[in-house]
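Written below as structure tokens is the structure these notes are about.
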Ligand code: 5AD
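Numbering (the numbering used here), first residue to last: 829 to 1209.
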């Protein structure tokens, strides 16, 4: 797909024409990754974070948020629960918490791998090459690190680098690949200051990076962050436009008469478009129907994501007493359901879509192919 075609889909307002995009994404999904929906047990192991990201409620300056960190035993308890439930993977996610040292995480990974058949995915932010190497050697299989937006100027504003930091996320992704991880990345849709052109570039970058996993969710303003208040302004141009008040997408797509220059709205529809386009760009990747999407449409968001390109769901296994404290954005879906309730409802919904529940680790076919021809993957990214 050419970039102008991606841009046209992002700006397409017509439901009938969009139905063709959903059909195509669903068909490509079925052909390349099949009908199985794989469940990944998400364990939010710490909400401490040293970073100052403008969008995220876990940011260090947010003193209103009580902080927690799971013990190794608590993490292992969650992992055992995932295995008992038949999940093939656990995802350990946290803010950039300095107390989660190289040794501590390596130990947790080794113990999960020794005790269970689970694949282990890490989502622990920007780490040194040495640390990523140690975690891979401890047995970690996959790593998730969203690049958030391909607009470097926008990213630099909303995701300030640490003092003295030289590597950015786009530099880390090829390192993960070289270390043999399955590599996941992704973006937020509707970041204040993000244009249609930026989002088209994001989809093109998914393909260029040849990603194994692609996570896409709407930007959801958090009131205790600079992008969560009307005073936050538009980080792209310094205007105080009031994030979260993005006008209707069909008007802004033609902003200034320039195709692609308007603000992308943080809507459910725009998120489905990016999921569908990600599927067309990377047919063999694993693509989750995200919690952020379910937060915008609790009744149907997850199913619609699965019907428009996605093939993964990440049920939350974080102990309930901590779950509400992992407040990346407010009013997250599934804060109160027990694991049992969520699992039963989810299974029924997946089966009612005519899909099956994936068995085993469910690595991306993209990654599996690359193992067979290692040289082919090394010229990407
Ligand atoms: N709205 C939506 N997604 C968010 N994330 C962080 N903050 C927000 C927010 N306010 C996403 C980022 C990050 C992932 C773990 O959560 O994309 O990579």
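A virtual CB, placed ideally from N, CA and C, is assigned to each residue, including glycine.
Length of the line joining the Cα atoms of residue i and residue j
i            : j            : result
residue 1083 : residue 1105 : With a pLDDT of 48 at residue 1083, under the threshold of 50, the modelled position of this residue cannot be trusted; read the value that follows with caution. Cα-Cα distance, rounded: 22 Å.
residue 921  : residue 1139 : 20 Å
residue 1249 : residue 1087 : Summary: the structure shown does not reach residue 1249, with the chain confined to residues 829 through 1209, and so no result is reported for it.
residue 1006 : residue 961  : 10 Å
residue 1034 : residue 1124 : 24 Å
residue 1145 : residue 844  : 38 Å
residue 1112 : residue 855  : 12 Å
residue 1057 : residue 1121 : 21 Å
residue 991  : residue 1127 : 43 Å
residue 1095 : residue 917  : 29 Å
residue 1053 : residue 996  : 22 Å
residue 1010 : residue 948  : 10 Å
residue 1119 : residue 1021 : 23 Å
residue 1134 : residue 1092 : 22 Å
residue 881  : residue 988  : 6 Å
residue 979  : residue 1115 : 22 Å
residue 820  : residue 1129 : With the chain covering 829 to 1209 only, the question about residue 820 has no answer from this structure.
residue 834  : residue 943  : 45 Å
residue 1167 : residue 1089 : 43 Å
residue 1189 : residue 940  : 14 Å
residue 1169 : residue 1046 : 25 Å
residue 885  : residue 1117 : 21 Å
residue 847  : residue 1101 : 11 Å
residue 1044 : residue 1016 : 6 Å
residue 1040 : residue 890  : 33 Å
residue 1154 : residue 900  : 18 Å
residue 919  : residue 950  : 6 Å
residue 1012 : residue 1042 : 6 Å
residue 976  : residue 999  : 14 Å
residue 830  : residue 851  : 19 Å
residue 1149 : residue 870  : 15 Å
residue 1191 : residue 1131 : 21 Å
residue 904  : residue 1019 : 35 Å
residue 1049 : residue 892  : 16 Å
residue 933  : residue 1036 : 30 Å
residue 1110 : residue 849  : 15 Å
residue 861  : residue 1030 : 22 Å
residue 837  : residue 876  : 38 Å
residue 1023 : residue 839  : 11 Å
residue 1179 : residue 959  : 40 Å
residue 1200 : residue 1194 : 10 Å
residue 1171 : residue 914  : 11 Å
residue 1026 : residue 1103 : 15 Å
residue 1032 : residue 1099 : 16 Å
residue 1028 : residue 1181 : 29 Å
residue 1197 : residue 968  : 19 Å
Distance between beta carbons of residue j and residue i, contact taken as under 8 Å
i            : j            : result
residue 1008 : residue 964  : 6 Å
residue 928  : residue 952  : 7 Å
residue 912  : residue 946  : Contact doesn't hold; Cβ gap of about 11 Å is too wide.
residue 1142 : residue 868  : 5 Å
residue 1055 : residue 986  : 7 Å
residue 910  : residue 937  : Between residue 937 and residue 910 the Cβ distance is about 14 Å, and since that is not below 8 Å, they are no contact.
residue 1183 : residue 935  : Rounded, the Cβ-Cβ distance is 37 Å, inconsistent with contact.
residue 874  : residue 925  : 4 Å
residue 888  : residue 897  : About 15 Å separates the two Cβ atoms, so there is no contact after all.
residue 853  : residue 1186 : With 8 Å as the limit, residue 853 and residue 1186 do not qualify as a contact, their Cβ atoms being about 19 Å apart.
residue 1223 : residue 972  : Past the boundaries of the shown model lies residue 1223; the chain is included only from 829 to 1209, so the question cannot be answered.
residue 773  : residue 902  : What the structure shows of the chain is the stretch from 829 to 1209, and residue 773 is not part of that stretch, so it cannot be assessed.
Cβ of residue i within 9 Å of any chain B Cβ
i            : result
residue 1005 : Of the chains in the structure shown, none is chain B; there is only one protein chain.
(request) Under 6 Å from any heavy atom of the ligand 5AD, by CB: list those residues in chain order, please. (result) 883, 884, 974, 976, 1016, 1045, 1047, 1048, 1050, 1120, 1156, 1157
(message) What ranges does the alpha helix (DSSP H) occupy inside the segment 1166-1202, keeping only unbroken runs of at least 4 residues that lie completely in it?
(response) 1167-1180, 1193-1200
(message) Going residue by residue through the segment 960-1005, where are the continuous alpha helix (DSSP H) segments of at least 4 residues, counting only ones entirely within it?
(response) 980-986
(request) Would you list, in sequence order, the uninterrupted alpha helix (DSSP H) runs of no fewer than 4 residues that lie entirely inside the segment 1017-1052? (result) Counting whole runs of 4 or more residues, the segment 1017-1052 contains the alpha helix (DSSP H) stretches 1024-1037.
(message) I'd like the ranges of any alpha helix (DSSP H) spanning at least 4 consecutive residues and lying wholly in the segment 907-949.
(response) Here the runs fully enclosed are 930-943.
(message) Threshold first: 4 residues or longer. Then list the alpha helix (DSSP H) segments lying entirely within the segment 865-913, N to C.
(response) If we require 4 residues or more, the alpha helix (DSSP H) runs fully inside the segment 865-913 come out as 900-912.
(request) Could you pull out every unbroken alpha helix (DSSP H) segment of at least 4 residues lying fully inside the segment 1115-1146, listed in chain order? (result) 1119-1124, 1129-1135
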